[in-house]
Structure formats: C-alpha cells, structure tokens
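Trainee: Handing you a structure now.
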Amino acid sequence: MSVSSLLIGWYRRHRRDLPWRQTRDPYAIWVSEVILQQTRVEQGLPYYQRFMQAFPCLSDLAGARTSEVLGLWQGLGYYSRARNMHQAAMQVMERYGGAMPSDYASLIALKGVGEYTAAAVASMSSSEAVPVVDGNVIRVLARLHGLEDDPGRAGMRRRLAELMKELMLGHDPGEMNQAVMEFGALQCVPRAPRCGDCPLSHHCKALALDRVEVLPFRRPAKTPRERHINYIVLTDPSSPRDLFLRKQDHQGIWKDLWTFPMVESPVAIQEEELSANPDFHRLMQGVEYHRPSLVLCLRHILSHQRLEACFFSVGLKHPSSTLPQELLRFSPGKLPPMPRLMHRYLEKGTGQGPARKP
DNA sequence: AATACGGGGCT
DNA sequence: AGCCCAGTATT
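Written out as structure tokens, the structure is:
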C-alpha cells in the first residue's frame, strides 16, 4: 500500500467533523483558514461559529466596521488577521463583485492571504492541485523522509511542496492537504508522537533512525523581551465605573485595540516614581488629579514579550475635567475591542488593595 | 533570511 | 518553563 493511500485511508477513519469541512464555499473555508493560522482548532472553533453567524457571506464582512470585526476577534490574538480579512473582503467586492475567488493566483493577491492560505482555500474549494506547507506538513514529511534541513530555508520549503504534490497524484488535492495536516495534528504530533499505532511506521525514516524526537529541525528559540508597562487607570468620581481608554496606534502589539494609557519604564516603579515620569506628565497635562495608587500587577506572557503590567489608579479631581483628546470614555456596557490583558485586569482589579506579586 | 505579531494548551 | 499551533507582512 502506498503512503498516499495509507494517509487518505487514515484520514477518512479519523478526520474530525468540523464545520468548514462540510462545505466547498471558498468564503467559509477562507474564514476558517485565517482563524486557524497559528491557532489550534479547539481554540478557533468558537470564533469561527460566531464569525460566520455575524458575517454569513462576504458582503456582510465587507460592509462591517473594522471595530466590529476586531470585536469578534477579541481574545484570539494576531489581530492583523482581522484587519487584513476585512480589507481583503473589500478587495473581493471591488475585483470580483463580491464573489470570493477559489483559484490560487487570485487568492494570494488578497490582503493577509499567503502561500499557505491560498493553497488551502484553492485546493479545498476547487480541488486545484496546490500543496500546503504548514507546521503539520513540515513535521510529517520531515519525519517520514528523514529530512534534517531547516524548514525556514527556501530550498527545504520547495522540497516539502514537491513531496506534497507527489502525494496528491491520484487523489483529491484538498483531501490530501487536509489528510496530512490532520495526521500531523492528531497522530504525528510534535512531542511524544503515537508511533506505536502509526499506519506509516514502516515507511518512516525518522522512526528507523531514532530521529523522531529531534525532527523537524528547530532553530534555537530566542528569549523573549522583558517589559515593564504601567497602566494609568483614570477614575471619575462621578461615574467610577467608566473607563478611559486609548487606541493603540503606530506599530507594535495590539494595534487598533484599546488599552489604558500607559507609561513604559525600564524597571518596576513605585507610585511616586510614576508621578515624576515625564510621559505621565505629558498625558496628565492640564488635568487635576489625586496621587496615583498601585492597584495590582499582572504578569502577561506573549510569544515574543514577557510583560509585567502594573495598574495605577488615578482619581480625577473634577468630574468633567478636560482630558487629552486621544482618551475616550467608555461605559462598562459597551467596551471597545481590548487585548486579553485588559480583561484580566478588569476581572481581578475590581477588588481592592495593592498587590505586587509578579 | 530574520523578525514582529497573541494567546492558549500540553509536556 | 519551553514548545508550538491549518502563517503573513515587513524589514
């Protein structure tokens, strides 16, 4: 039995029943693929359901406000995916009159659609023979063929794509793409793969050479950047539940999401030091306020940064004093899209008393 | 080719 | 604590 047939056979027995596998609609498949970028199926599934309910077809998405799209993305991370999707939807309206394309060339020209997503959507919605190379494919094929090269290299990527194209011969390209990915997600997993009941164990070069644990090649990880962020939580005595938030602009994390205004410091700072901080002064220019009081510090771990976030409550002396323009007031009932860290604070920070335990 | 970009789950 | 996830855009 050939490797390709073994994979398809395994897939048909073990495939998970997922909503985007019950359609050939390129729009629905595209939505699922973008949500699943760097995101596990279990984590993305509820977002997919809510997203498709809010935007059943492409024109619904194209006509939405960016803030609404970001709101549905809230908590999922990599928010540029949501912004790019919204832009891509508008591109499809202009270029194709609202009909989502299903060919690789048209798809990859869309915002936020790279090689992987274009190949995935094209193969699954129209059976175009374009191979996907994602983390699963890299792992499965590197082990199966005992490939030691760095998948970050262009040459290795091309080789993996070629191997996928060979596997596709005589099979539906979309089904084979999904079969290898599902195999990587459920059977040939990163750590402790289930080689004991693997249908490809007799074909697996890595298993024969005892290289399963070290393949695929991994570049040594860099240590993430440490940052100390001090958030200014303004409180208006006349309506103490309101939040004063600022939209993250420029570049950097959480672009277009809303957070408390913040001041960064090289090390953790005390309440007095915050008062003396020049950025703090600039923010509070022309505002009368009480002295800052530390409410709580939270440790927030991201892939590339380790944040120590300290939240300082600052009471306004006058209920409606003029505040910097970039600060907007929000009532708790209708908050804008915010990163997880803000929600963590709002859950825990409602209590009282300073606590500085990273 | 290298880096930035979130958040969560599993070992 | 470290790894890695159905990656893409930017540098």
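Position 170 of the first sequence, counting from 1, maps to 1050 under the numbering used here, and the rest follow consecutively.
From the three backbone atoms N, C-alpha and C, an ideal C-beta is built for every residue, glycine too.
No experiment lies behind these values; they were computed from the predicted model shown.
(1) According to DSSP, is Arg961 part of a helix, a strand, or is it coil?
(2) List the endpoints of the continuous beta strand (DSSP E) containing Phe1124.
(3) Quick check: the Cα distance between Pro1120 and Arg1162, rounded to an integer number of angstroms?
(4) Out of Pro1073, Phe1063, Leu956, state which residue places its alpha-carbon closest to the alpha-carbon of Pro1219.
(5) Tell me, to the nearest whole angstrom, how far the beta carbon of Ala1009 is from that of Pro981; I am working on the premise that it is less than 8 Å.
(6) Once you ignore the five residues that flank Ile988 on each side, which residues in its own chain have a CB closer than 6 Å to its CB?
(7) Going by DSSP, which residues form a beta bridge with Val1113?
(8) Which stretch, first to last residue, makes up the beta strand (DSSP E) that contains Ala1180?
(9) Using CA atoms only, rank isn't needed, just tell me which of Leu1207, Leu1178, Leu1187, Ala962 is closest to Thr1103.
(10) Could you have a look at Thr919 and say whether DSSP puts it in helix, strand or coil?
(11) What residue from Gly992, Leu1087, Tyr976 has the CA that sits closest to Tyr959's CA?
(12) What does DSSP give as the partner residues of His836 in its beta bridges?
(13) Compute the Euclidean distance between the alpha carbons of Leu925 and Tyr907, then round it to the nearest angstrom.
(14) I'd like to know whether the C-beta atoms of Ala1148 and Cys1190 end up nearer to each other than 8 Å.
(15) Which residues in the same chain have their Cβ closer than 6 Å to the Cβ of Arg895, if we skip the five residues on either side of it in sequence?
(16) Beta strand (DSSP E) containing Arg1209: first to last residue?
(17) Return the CA-CA distance between Thr903 and Phe1124, expressed in angstroms with no decimal places.
(18) Tell me whether Trp953 sits in a helix, a strand or coil according to DSSP, three-state version.
(19) If you compare alpha carbons, which of Asp1014, Leu941, Pro1212 is closest to Arg1037?
(20) Helix, strand or coil for Thr1139 per DSSP?
(21) Distance, Cα to Cα, Met965 vs Leu1089?
(22) Going by the DSSP bridge assignment, what does Tyr1169 pair with across the sheet?
(23) Decide if Thr946 is buried, meaning its Cβ has at least 16 other Cβ atoms within 10 Å, or exposed.
(24) So within the segment 993-1017, which uninterrupted alpha helix (DSSP H) runs reach at least 4 residues, ignoring any that extend past its ends?
(25) Can we say the segment 1093-1101 touches the segment 1172-1182, given the rule of at least three CB pairs closer than 8 Å?
(26) When you compare each of Thr1115, Trp1134, Met1004 to His1170 by their alpha carbons, which one comes out closest?
(27) Between the beta-carbon of Gly1026 and the beta-carbon of Arg1091, is there less than 8 Å?
(28) Pop quiz: Arg961 and Val1001 are said to be a contact at Cβ under 8 Å. What is the actual Cβ separation, rounded to whole angstroms?
(29) Buried or exposed: which applies to Ser1211, given that a residue is buried once 16 or more other Cβ atoms fall within 10 Å of its Cβ?
(30) DSSP three-state label for Asp1052, please.
(31) Suppose the cutoff is 8 Å on Cβ atoms and the five residues either side in sequence are ignored; what does the same chain contact list for Ser1081 look like?
(32) Give the straight-line distance between the Cα atoms of His1083 and Gly994, rounded to the nearest whole angstrom.
(33) Thinking C-beta only, is Val883 closer than 8 Å to Ser990?
Mentor: From the atom records:
(1) helix
(2) 1123-1127
(3) 23 Å
(4) Leu956
(5) Actually they do not touch by this definition, with Cβ atoms about 17 Å apart.
(6) Ala998
(7) Ser1193
(8) At residue 1180 the sequence reads His, which differs from the Ala that was named. Residues 1173-1181.
(9) Leu1187
(10) coil
(11) Gly992
(12) The requested residue 836 does not occur in the structure, where the chain is confined to residues 881 to 1238.
(13) 16 Å
(14) yes
(15) Glu1062
(16) 1207-1210
(17) 44 Å
(18) helix
(19) Asp1014
(20) strand
(21) 43 Å
(22) Leu1196
(23) exposed
(24) 995-1006
(25) no
(26) Thr1115
(27) yes
(28) Not quite, the Cβ-Cβ distance comes to about 14 Å (not below 8 Å), so this is no contact.
(29) exposed
(30) coil
(31) Cys1075, Leu1087
(32) 31 Å
(33) In the sequence on display, residue 990 carries Leu and not Ser. No, they are not a contact pair.
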